[in-house]
Amino acid sequence: MDIWTLLEYAAWGLSAIFGLYIIIDWFKTDTTYSDEVLMSSREGALEAMTEEQHKH
Amino acid sequence: MSDVDITSKEMDGMGPKGTKIGLARVLGPAHVWALGVGIVLVGEYMGWNFSVGKGGAYAALIACWFAGILYSCVAMIDSEVTSTVAAAGGQYTQAKHIVGPLMAFNVGLYLVFAYTMLEAANAITFGFLIETVAGMTGHEGLDQRPFIVLAIMFLAWLNYRGVLATLTFNLVITAIAFIAIIVLFLATSPIFGASPLRHVELMTGLPYGWLGVLAAMHFGLWYYLGIEGTCQAAEEVRSPARSLPFGTLAGIMTLLIAASLTWYVCVGLIPWEYLGQAGVPLFDAARLTGSTTLMILLGIGTMFATLASANGCINDASRAWFAMGRDHYLPDWFGAVHPTFRTPYRSIIFLVPIALIFALGAPIDQVITFSILSGLLEYTFMPLNVIMFRRKWPLDSIRRGYEHPFHPIPALVLLSLCGVTYFAVFLGYGTQLVAMISFYIIVSLWFHFWRYRFVRRGAQFTMPWPRPLGY
């Protein structure tokens, strides 16, 4: 088995590791936090803070 | 910003109260530069040279200039609008605020398709490069698939883990790829002794006349295609008003230099008949110099440029998808932000299998054509967008981070050049152009008659802006 064949297996293995990491973390995050928290992002947060500083 | 009260009934939407987890504001101008140039620079390493095949070396130079003007207009217009509409989604969010929901939906899809297809094309190219390296070491028949999959999975993981690491990685590899082009230019130029460049012998006239110049315009876009991607970082930069114009304009200047040097070196080393068909022209040019060091450097540059482009594309496609989900243009499930990494993690995950399907199952020329055409539709939207922006919110109504000069000349020039490029694309890829426009018409009908009922019309406007003029 030459180095390139080994690299092919290594690439498959690393891909699986990255994929598993993402899937496991995704599952943990979605079961730990509610959707209300995870989906609370709104655009314009910085602009609103700037406005509030201007007001005070 | 102007002195306005965000709770005022004069505003065009609600305030952003209730945000518990948002995208991390950690980026600076260098990251914006790395995002824009990173996506594009692969076009210098491959692709632009097909314009030489269409019309000869001079046609490629003329296309380089005109595409340069087109993208300078794009960069100036984007710098003004996005430094004001500083939210994820970039041009999608601009369209939502300035034009309307149907335009926004279309622009959002242009962005996602353009970047996801480009990501797939980059992954295919990465696999091809690894196979080439294996072939040079005597190993034939390498399976490209594990390397294509690895490129996508590694970059998706990097994007999932956080935007700062992602774009710092892009900054390093993009800088190396750019420096490699400069080193090749300096090493081959007559400044430091005998030069291998043979412009006098290799340059010809216009082999296909002015029609060839027009046809070359299609691939002339490759020199700069993707610089508008800087806008997607708008919600993650520390200072949008400063970083976005600075990073975008520095980016287009970098690309103008890189494009000129690339053209100059390649046409001086490779006859136009060969250059027009080369897979990796800068790498081939380095090989023709006879220097092993240059060959290795440009080989690394090619690979880094490919990875940087795919990395930036994952970043940008996921931000556009996330922004559409957040506004309910798509299921709001996509509008989630990771509580630790502060990234749009569900959008990143969702787009991974789509990129894999196209990277493993579609021919690269079709994938790239779909990407270019989506980009072209996006550029056509930009002049209309900026003209409406200036009309609805004149210069004294909202403070901009950057005001582009000579308005509306850049918008009109951009619109005219888009028209020319449509014709150029039609000459080579008429069927794909018609098929793709048909696709966008069908999804627009779906959005208008079905999806729009789920959009929260008032809640999507959370910018503390005054009402537009005339409303």
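Note that the protein sequences, when read in sequence, are chains Y and W. For the first sequence, this note's numbering assigns the number 1 to the initial residue and increments by one for each residue that follows. For the second sequence, this note's numbering assigns the number 1 to the initial residue and increments by one for each residue that follows. C-beta atoms are modelled at their ideal positions from N, C-alpha and C, and glycine is treated no differently. Model, not experiment: these values are computed from the prediction.
- Straight through space, the alpha carbons of residue 186 of chain W and residue 322 of chain W are spaced by roughly 43 Å.
- Contact annotation for residue 339 of chain W against chain Y: 29, 32, 33, 37 and 38 [CB-CB distance below 9 Å, chain order].
- When CB distances to chain Y are screened at a threshold of 7 Å, the residues of the stretch 320–335 of chain W falling below it are 326, 332 and 335, in chain order.
- Unbroken beta strand (DSSP E) stretches of 3 residues or longer found wholly inside the stretch 374–418 of chain W: none.
- With the criterion set as a beta carbon lying under 7 Å from some beta carbon of chain Y, the stretch 245–265 of chain W has no members that meet it.
- Out of W:174, W:413, W:203 and W:302, the CA that lies nearest to the CA of residue 47 of chain W is found in W:302.
- By the CB criterion at 8 Å, residue 77 of chain W and residue 411 of chain W fall inside the cutoff.
- For residue 27 of chain Y, the number of other beta carbons within 10 angstroms of its own is below 16, and it is reported as exposed.
- Between residue 203 of chain W and residue 267 of chain W, the gap from beta carbon to beta carbon is short of 8 Å.
- Interface annotation, residue 24 of chain Y: not in contact with chain W, CB-CB separation never under 8 Å.
- Beta bridge pairing from DSSP links residue 155 of chain W with no other residue.
- In this structure, W:305 is the residue among W:288, W:164, W:305 and W:247 with its C-alpha nearest to the C-alpha of residue 223 of chain W.
- The Cβ neighbour count for residue 434 of chain W, taken over all protein chains shown within 10 Å, is under 16; the residue is labelled exposed.
- Where residue 313 of chain W is concerned, the enclosing alpha helix (DSSP H) starts and stops at 292–326.
- Shortest Cα-Cα distance from residue 263 of chain W to any of W:44, W:351, W:333 and W:393 involves W:44.
- Taken in chain order, the complete alpha helix (DSSP H) segments of 4 or more residues contained in the stretch 169–238 of chain W are 199–202 and 209–220.
- In the structure shown, the three-state DSSP call for residue 146 of chain W is helix.
- Taking 8 Å as the upper bound on Cβ-Cβ separation, chain Y lies near no residue of the stretch 390–401 of chain W.
- Assignment of residue 468 of chain W by DSSP, reduced to helix, strand and coil, places it in the coil class.
- Around the beta carbon of residue 377 of chain W, 16 or more other beta carbons lie within 10 angstroms, which makes this residue buried.
- Chain W has no Cβ within less than 8 Å of the Cβ of residue 6 of chain Y.
- Nearest in C-alpha terms to residue 42 of chain Y, of all of W:467, W:463, W:468 and W:230, is W:463.
- Contact between the stretch 220–236 of chain W and the stretch 384–403 of chain W is not established, with fewer than three Cβ pairs separated by less than 8 Å.
- DSSP lists W:237 as the beta-bridge partner residues of residue 27 of chain W.
- At a cut-off of 8 Å between C-beta atoms, residue 463 of chain W counts as an interface residue with respect to chain Y.
- Within its own chain, no residue has a Cβ closer than 8 Å to the Cβ of residue 363 of chain W once the five positions on either side in sequence are excluded.
- Distance between residue 219 of chain W and residue 428 of chain W, taken at the CA atoms: about 10 Å.
- Between residue 183 of chain W and residue 122 of chain W, the alpha-carbon positions lie close to 24 Å from each other.
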